[in-house]
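**Student:** Take a look at this one; I'll ask things after.
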Amino acid sequence: MKKSYKKDPYAMWRVIQGSTPYHDDDITKLMLPLRFAFEALRRGTASVNDAYILSNAINDTAVRAWGLEDEEAANAAGPIANDAIAAMRRCGERYKKTGKLGLDGPAIGDVAAGLDLYEQICRLSTPAQMMAAASVAARLQEEQAA
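Residue numbering for the sequence shown follows the working numbering, beginning at 3 and increasing consecutively.
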């Protein structure tokens with residue numbers, strides 16, 4: 003059976019946009035909600051959505067770090083991302099036990115470093131690369147949950 007395709011006059015521009023590095027304004031738009039979520043988590047006023055977006059960003063960071071062309075940078079990024087992932091897991095465990103979201107002392111520094119790494123990796127990546135990393139991270143989370 004032949005597939006039908008819808009004509010999209012903007013398809014080429016979306017491909018170009020996804021292949022062009024982020025601009026500073028784009029980085030700001032990506033980072034502001036994450037920084038606010040981190041601050042809320044640090045203060046103990048976070049929502050589940052705040053923890054969710056932080057966890058997703060950190061997971062995306064770890065996956066994208068695996069694909070960095072600079073092997074030295076990839077090796078340096080791995081432990082930072084892993085520490086941030088472990089910190090968010092502890093946050094999730096605390097939530098399951100107490101019903102409150104919060105970070106322990108070491109987690110504050112680990113998540114902050116993970117967010118800084120996310121920003122750096124976004125600056126080194128294109129939107130298409132970050133979307134691909136997000137897709138892989140989501141698939142890995144689904145496999146882990148099953």
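Glycine residues also receive a C-beta, built at the ideal position from the N, C-alpha and C atoms.
The model shown is predicted, which means the values in this text are computed figures rather than measured ones.
What are the start and end residues of each continuous alpha helix (DSSP H) run of 4 or more residues lying completely inside the region 35 to 115, in chain order?
**Tutor:** List check, alpha helix (DSSP H) in window: 50 to 68 and 73 to 100.
**Student:** With 16 as the cutoff for other CB atoms within 10 Å, does Arg91 come out buried or exposed?
**Tutor:** Translated into positions along the sequence shown, residue 91 becomes position 89. So Arg91 ends up on the exposed side.
**Student:** Determine, using beta carbons only, whether Ala114 and Phe38 come nearer to each other than 8 Å.
**Tutor:** Counted from its first residue, the sequence shown places residue 114 at position 112. Counted from its first residue, the sequence shown places residue 38 at position 36. Not a contact, by the Cβ cut-off of 8 Å.
**Student:** Count Cβ pairs between the region 102 to 112 and the region 130 to 145 that sit closer than 8 Å; are there 3 or more?
**Tutor:** With the cut-off at 8 Å, the region 102 to 112 and the region 130 to 145 do not touch.
**Student:** In this structure, how does DSSP classify Pro129 when only helix, strand and coil are distinguished?
**Tutor:** Locating residue 129 in the sequence shown gives position 127, where the first residue counts as 1. Correct three-state label for Pro129: helix.
**Student:** Would you identify the three-state DSSP class for Asp118, choosing helix, strand or coil?
**Tutor:** Counting from 1 along the sequence shown, the entry for residue 118 is found at position 116. If DSSP states are grouped into helix, strand and coil, Asp118 belongs with the helices.
**Student:** Measure the alpha-carbon distance for Pro23 versus Tyr54 and round it to whole angstroms.
**Tutor:** Mapped onto the sequence shown, residue 23 falls at position 21. Mapped onto the sequence shown, residue 54 falls at position 52. Taking the straight line joining both Cα atoms gives about 25 Å.
**Student:** In this structure, how does DSSP classify Asp27 when only helix, strand and coil are distinguished?
**Tutor:** Locating residue 27 in the sequence shown gives position 25, where the first residue counts as 1. Residue state, collapsed to three classes: helix.
**Student:** When we look at the beta-carbon of Ser49 and count the other beta-carbons within 10 Å, is it buried (16 or more) or exposed?
**Tutor:** By one-based count along the sequence shown, residue 49 stands at place 47. Its Cβ having fewer than 16 others within 10 Å, Ser49 is exposed.
**Student:** Please report the straight-line C-alpha distance between Leu126 and Cys93, rounded to a whole angstrom.
**Tutor:** In the sequence shown, the residue the question calls residue 126 occupies position 124. In the sequence shown, the residue the question calls residue 93 occupies position 91. When rounded, the distance between both Cα atoms is 29 Å.
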